[in-house]
Each structure stands twice: as structure tokens, then as C-alpha cells.
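From first to last, the protein sequence lines stand for chains L and U.
Counting from 50, one number per residue, gives the positions in the first sequence under the working numbering.
Counting from 655, one number per residue, gives the positions in the second sequence under the working numbering.
Glycine included, every Cβ here is placed at the ideal spot set by N, Cα and C.
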Amino acid sequence: MADTAIPSAPTAGKEPLLRVEDLRKYFPIRQGFFGRSVTQVKAVDGVTFDVFPGETMAVVGESGCGKTTAGRCLVRAFEPTGGSILYRNLDGDEVALDALDNKSLKPVRRELRMIFQDPFSSLNPRMTVLDIIGDPLRVHSIASGSELEERVADMLLRVGLRPEYMRRYPHAFSGGQRQRIGIAKALILSPRLVVADEAVSALDVSVQAQILNLLQDLQAEFDLTYVFIAHDLSVVEYIANRVSVMYVGKMVETAATDELYHNPKHPYTEALLSAVPRPDPRERSQRIVLEGDVPDPAHPPSGCYFHPRCRYAQDVCATETPELRPIGEGHEVACHLAEDLDLRGITDLVPRD
Amino acid sequence: MSNKTHGASTDILLDIRGLKTYFHLDEGTVRAVDGVDFTVPRGTTIGIVGESGCGKSVTAFSILQLVEKPGRIEEGSIVLNTGGQNRVDIAALDHDSEELRQIRGKDIGMIFQEPMTSLSMMYTVGFQMTEAIRLHMDVEKDEARDRAIEMLQAVGIPRPEQRFDAYPFELSGGMRQRVMIAMALSCDPMLLIADEPTTALDVTTQAQILELMQQLQEEFGMAIMLITHDLGVVAEMCSEVVVMYLGEVVEQADVDTIFHNPQHPYTQALLESIPRLGHSHEGRLNPILGSVPDPYHRPSGCPFHPRCTQIITGRCETVHPDISRLDPRHTVRCLLHEESHG
């Protein structure tokens with residue numbers, strides 16, 4: 050990563066492209082004959098982060114932590130329950146995405162695109178590759194006929210597929226090729242921000258590396274900004290400039306990737322990093338094995354949601370919910386004890402020789 | 655391969671020789687497992703790694719004769735040595751036989767990626783466990799119940815007496831995986847086959863399950879055959895590693911050799927293609943060219959040659975390499991080594 054043109058401090062002196070503040074998305078749980086709403090699942094419950102132009106901002110966490118829901122709120126695939134999403138458009142003005150109606154949202158949607166996890170279910174099996182990738186051009190009345198075909202052919206080349214394949218159907222392609230089709234579809238409208246939700250999780254390891262490299266090349270070529278939603282911390286370390294960690298709908302820590310991996314400030318981040326199996330038998334790490342399961346977001350624990358599983362928990366953790374607060378340069382954490390803990394980063398977790 | 659050692663050593667629990675499992679489909683024959691040899695020593699953990707379609711799961715299913723039609727074991731032997739002179743070739747048993755049913759679940763337990771493939775929705779955890787126990791052990795109902803609760807306790811399920819009466823859908827993913835492990839271990843098997851046991855789990859839950867498997871192995875002394883695509887899991891868990899590609903074993907060695915002195919170009923490429931924690935500053939990832947070929951169009955010669963960067967042009971496309979033994983514990987199937995080791 051050192052030789053690519055990513056500045057070490059991507060946030061320095063730039064205005065954020067996206068500002069997410071106190072984003073909330075609650076899903077009602079309905080019960081009974083009339084579908085009365087009895088309670089709510091707070092899938093995303095107060096998420097705050099900025100995304101700067103040209104960077105890759107990763108959102109990590111375990112299943113059910115709300116990372117996918119948050120990502121879908123960013124592209125307004127879900128209507129947020131509360132909070133604001135401010136997007137800086139090409140003219141430099143900030144637009145409140147959460148407040149736009151469908152008509153005024155349409156031009157913005159061209160600039161915000163999404164890549165999905167499953168390259169098997171996210172492509173319509175009855176459409177040719179040409180139709181799949183060209184569809185956004187048609188919907189936004191940008192191109193049609195031979196011009197559309199030309200643009201699709203050009204995009205296919207850029208994602209490493211042969212333009213001759215454009216009349217084929219998705220089933221004729223391997224998983225990695227389908228993910229390339231999904232990427233081509235996301236990029237055909239020349240977006241500025243791409244939300245990639247577990248974009249490489251379903252792929253074989255050898256193909257995963259191809260797609261990660263492709264995403265980096267395209268980022269440099271088209272000046273893209275990524276919000277990269279993932280659970281694989283090795284992949285995230287490789288591709289992201291900054292990382293936010295989510296736990297039960299809340300953001301618990303945000304920092305530059307190196308800082309977060311080497312100097313975590315939240316006990317949950319420490320445990321996550323320690324749990325990643327290292328592909329080297331000489332680096333068998335000292336796993337911190339968390340007790341129990343991720344809590345049900347419909348019935349979260351009191352205070353800090355992580356306290357029942359936290360090995361450092363004090364009395365205060367069970368009663369007061371910690372707010373996300375700065376703890377260093379570009380480093381934010383939601384933990385009462387952050388200053389007092391000496392947590393282990395990835396280099397401290399393996400025995401050094 | 656010399657046959658002299660075949661089954662001679664009592665340290666060998668399972669000895670697989672020349673195993674071929676094919677699927678006969680309308681589109682053609684898929685050679686899912688195509689001449690696989692390896693041995694599982696008693697009480698150790700052996701990892702079977704490879705990408706999708708390499709035949710690792712079919713190998714596991716073959717060991718229990720669970721391959722369903724149109725799949726069939728064509729050739730080879732799977733010799734299980736249950737101790738002393740008790741050797742049985744599983745591949746030669748009738749798939750319906752009482753003897754095989756005794757091996758499944760009693761001598762060899764199996765856990766899957768998705769716990770619901772081996773747990774039924776309709777019955778309580780306790781019912782399913784006691785049924786399995788009473789099928790394989792000559793015990794009364796109460797004894798089976800005690801045994802089941804003891805096993806639930808051993809796999810770290812809180813309040814096992816209550817969970818005994820729970821239905822699988824009432825449990826979280828990690829808990830179900832624990833129940834499945836408890837069930838697989840309830841008859842004290844000598845071999846536990848674990849097919850991607852943690853792939854569907856979150857990383858913290860995965861850590862719990864891996865830790866549990868290591869503990870249980872220390873306690874019960876069973877051998878574990880761990881099938882996974884995750885090289886991190888292999889490095890943490892296994893002492894011996896078998897690397898598969900398109901139905902063949904391409905390399906086998908102890909875990910340190912596989913990770914620090916791999917000799918097959920596929921093993922080398924696989925290790926270079928993965929991102930590693932703490933190594934992200936070392937430049938771009940090195941992907942393997944192309945993707946795993948579709949099973950109907952198996953490449954000629956060495957099946958890896960179209961993706962290999964060390965191809966010997968004119969040879970690898972036509973000659974199917976034999977196994978070369980580099981040292982007693984390290985074998986590789988590649989022409990680069992056949993040349994030098996004759």
C-alpha cells in the first residue's frame with residue numbers, strides 16, 4: 050500500500066465528502082392481528098462518521114452489528130429513522146440526503162453507487178451482461194443504442210472482462226467474474242462514492258486478491274471514494290485508510306487503519322483483532338476469547354452494550370452509556386476506561402522472537 | 655508410493671489410498687476426488703485446504719460413504735484402524751450396512767458448516783442427542799440423558815439441563831455449532847471430521863469454537879480432520895496439512911513446512927494471495943491468475959498448469975505429474991520436483 054498514491058493522512062485539510070451524524074435506523078417488531086408495533090430493533094443507533102474524498106473508509110463488525118443497514122441508509126436504500134447524512138455535491142454544496150424526496154434524490158443517486166456481497170443473487174439471471182451494466186445509463190437517460198454498447202464495452206475492459214461477453218447471461222460467469230460485472234454496473238455512471246458491502250466475502254481467496262487489486266486500481270483511475278463494509282479484518286487492513294468498528298448498532302471506535310490496528314482503544318476492537326487467525330503457524334496469537342454472544346439488538350444490555358462480555362468492565366459500564374469521544378489525533382472511542390487501559394494491538398498479540 | 659507402510663503402523667488412524675469419487679451427470683463426469691492419498695495419525699489435527707471445487711468436502715463425505723447419487727466412490731481404500739488388528743476398509747462396506755452405521759457417529763463424528771444440516775428443527779436438542787447415544791452405546795435412557803448433559807457442559811453451553819429441552823431454533827449460531835460438536839463427540843469418536851466448522855461464524859465466535867475444539871482434543875484425544883479454505887484457521891489449528899486442487903492432493907507436509915517452505919506453485923501462490931494482518935505495507939496482493947476451472951473442463955496434464963507461473967512449457971500441459979517425496983513427511987505433485995528427485 051505504501052507505493053500507491055494514498056496520502057498517509059487522507060483527512061488532512063479536506064472537506065468531508067459525506068458527513069454522517071447520529072444516524073439511526075429502527076425496525077418495528079409487529080405482533081398480533083393488526084400488526085401493532087410492540088417494540089423496535091435499533092439496528093443502527095447513533096452512528097457518526099465522516100468520509101473524505103479519495104479515501105477508503107471501512108466499517109467493520111460482526112453480523113447483526115448494523116453495518117449493512119448503515120451502508121444501505123447511506124445510499125437511501127433504507128429510509129433512516131433519524132440523524133443526518135450530508136453529502137457534498139460537485140458544486141461544493143452540502144445536500145442533506147436524508148431529507149431529499151425521490152425526485153431530487155435521482156441525480157444524487159448517480160453519484161452514490163453500491164456493490165453487493167453475493168455476485169450470484171445480485172445480478173438478474175434473465176438479463177444479459179449488456180442489459181445489467183447498461184441499465185443505469187438507460188434509467189438516467191444518459192446513453193442508448195450503440196453509444197450505450199460502447200460505454201458498456203469500455204467498462205468491461207476496465208474491470209478486466211472481455212467486451213465480447215456482453216451478450217451472455219450471468220450464469221456463464223464464475224463468482225469472480227460476476228463480482229466484476231457488479232462492479233462495472235456500479236461504476237458505469239461515474240459515481241464519486243461507492244458503498245461496497247462485503248464485496249469480496251463470497252469469493253475464493255485467490256480471486257479475492259484480484260478483486261481487491263481491481264478496486265484499488267479503479268479508485269486511482271476514477272478518483273473514487275469507498276465506504277467498505279466488511280467483517281474480514283485482514284482485508285480491511287489491506288484496503289482501508291480509516292476504520293470504524295460497530296457493535297450492536299453503535300460505533301465504538303474510529304481511527305486511521307494503522308492506529309486502530311496497532312493502538313486499539315476499545316476492548317471490543319482488541320478482542321476482534323486478537324481473534325483473527327493468522328496464516329502463519331509461527332504467529333499463533335494469544336486469542337482473547339469473548340464469553341457469550343453478541344446481544345440481541347431488540348434487548349440490548351444496559352450501559353455500555355459491550356460490558357457483559359468485557360474483561361475490563363467496571364461498575365460504571367453497566368449503568369452509563371459511553372459516548373464516542375476523541376482520544377487522539379483522528380481517533381475516537383466510546384469507552385469509559387479508554388485512557389486507563391493498556392490494550393494490545395496486532396503486533397503485541399503475537400509472541401515476537 | 656510404497657505399500658510397505660500400509661496400515662502397518664498403529665499410529666495411523668485412517669489411511670486413504672487412491673480414493674476416486676466421481677459424479678456422473680448428464681453434462682459429463684465430474685472427477686471431484688481423483689486419486690487422493692493421505693493418512694490421519696491418531697490424536698492429531700490434519701487440515702485439508704483448497705478453494706471451492708477442489709474436492710475437500712467430497713473427500714470428507716466419501717470417508718463416511720455419505721456421497722449421494724449421482725456421486726460414487728469409484729476406486730481406492732479408506733482403512734480405519736480402530737485399534738490393534740481391527741482394520742476395516744470403509745470404501746468396501748455396503749453403504750447401508752450395520753457395520754458402516756456403527757462407524758458413522760461412533761468411531762467417526764462429523765460436523766458441518768451449517769449446523770442445521772445435522773440438527774432437526776422438529777426435535778429437542780436432548781432428544782436428538784440421546785437418540786444418537788443410544789444408537790451407538792448400550793446405555794439406558796437416563797444414562798444417555800446424563801451423558802448428553804455432560805457433553806453439553808463440556809462444549810461450554812450454559813445451563814445444560816435447560817438447553818437439553820430446547821429446540822435448535824431457540825439457540826444462536828455459535829450455540830448450535832456447540833450442540834453439533836457435543837453431538838458428534840457424544841459417542842467418543844476417534845476421528846472428528848469438521849467441514850468448514852467456523853466459516854459461517856463471526857470471528858469472535860470462531861475463536862470460541864476453535865478454542866473449544868483444541869480443548870476437547872486434549873481432553874478426549876480424538877484426531878481432527880479440519881476442512882477449510884481459511885489458511886489462518888489451518889495455521890492455528892493443524893499440525894499436518896494437505897493442499898488440494900481440482901480433486902488431487904498437490905502437496906502435503908507439516909504445518910510449518912507448508913507455510914514457510916511450500917514447494918508446489920499452487921501452495922506458494924495461495925499463500926501470496928492472502929492479505930495478512932500487520933503486513934499491509936508490503937505492497938499489492940499477488941493474486942493467482944484466472945479462476946478455478948469449471949469441473950467439466952479439467953485441464954490436461956497438471957490441472958494447475960493454466961494458472962501456474964512456473965510452468966515448464968511443453969511438459970506441464972501434457973504430463974500428469976506423480977507424487978514426489980521430498981522428505982519423509984513432505985510430498986508434492988509437480989514436475990519441477992519430479993525432474994530433480996527422479
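Check	Outcome
Collapsed DSSP secondary structure at U/G730 in the structure displayed	strand
Buried or exposed by the 16-neighbour rule on C-beta atoms within 10 Å, applied to U/S774	exposed
C-alpha gap between L/A192 and L/R175, whole angstroms	22 Å
Three-way DSSP call (helix, strand, coil) for U/S978 in this model	strand
For U/D750, the three-state DSSP class (helix, strand or coil)	coil
Spatial neighbours of L/S334 in its chain, beta-carbon cut-off 7 Å, leaving aside the 5 residues before and after	S323, R327, L398, V399
Residue range of the alpha helix (DSSP H) that includes U/I803	795-808
Same chain, Cβ closer than 7 Å to U/I928, neighbours up to 5 away in sequence not counted	L885
Nearest-angstrom Cα separation, counted from U/Q871 out to U/R696	11 Å
Neighbourhood of L/M204 by C-beta, 8 Å cutoff - its chain only, sequence neighbours within 5 removed	I182, A233, L236, I237
7 Å Cβ cut-off: residues of chain L touching U/D884	P326
Residues that L/Y361 contacts on chain U, provided the C-beta gap is smaller than 8 Å	The contacting residues do not exist; L/Y361 stays about 16 Å from chain U at best.
Cross-strand partners of L/I134 (DSSP beta bridge)	L/V69
Contacts of L/T396 in chain U (Cβ-Cβ under 8 Å)	G932
Sequence-distant residues of the same chain with beta carbon closer than 7 Å to U/A802, five excluded per side	G780, M783, T784, I787, F818, S840
Span separating the alpha-carbon of L/L386 from that of L/L321	18 Å
Opposing strand residues paired with L/S293 [DSSP bridges]	L/V108, L/T303
Residue(s) in a DSSP beta bridge with L/Y275	L/T105, L/V243
Anticipated Cβ contact below 8 Å, L/V105 with L/Y275, distance rounded	A quick correction: the sequence has Thr, not Val, at residue 105 of chain L. L/T105 to L/Y275, Cβ: 4 Å. Contact.
8 Å Cβ cutoff, U/D849 in contact with chain L	no
Nearest to L/E111 (by Cα), restricted to the options L/E199, L/L264, L/L339	L/L339
Listed by chain order, chain U residues near L/L321 by CB distance under 8 Å	V857, T858
Members of the stretch 129-151 of chain L near chain U, C-beta cut-off 8 Å	none
Rounded C-alpha distance that separates U/A861 from L/R336	7 Å
From U/Y821, U/E926, U/M764, residue whose alpha carbon lies closest to that of U/M776	U/Y821
Interface residues of chain B facing L/L282 [CB-CB closer than 9 Å]	The structure shown contains no chain B; its protein chains are L and U.
8 Å Cβ cutoff met for U/G932 and L/I395	yes
6 Å Cβ shell around L/T53 - same chain, five flanking residues per side excluded	In this prediction, L/T53 has a pLDDT of 41, which is less than 50 and means its spatial position is unreliable; what the coordinates show is noted afterwards. Excluding positions up to five away in sequence, the list is empty.
Rounded Cβ spacing between L/P330 and U/A907 (contact assumed at less than 8 Å)	That pair is no contact at about 11 Å.
Check whether L/V256 and L/G225 have beta carbons under 8 Å apart	yes
Interface flag, U/L980 vs chain L, CB-CB below 8 Å	no
7 Å CB neighbourhood of L/D402 in its chain, flanking five on each side removed	Residue placement at L/D402 is poorly supported in this model, since its pLDDT is 46, which falls under 50; the coordinates are not used for a value here.
Residues bridged to L/F76 [DSSP beta-bridge criterion]	L/V90
Below-8 Å beta-carbon distance, U/Q869 vs any chain L residue	no
Min CB distance U/E890 to chain L below 8 Å	yes
Simplified DSSP assignment, three categories, for L/T117	helix
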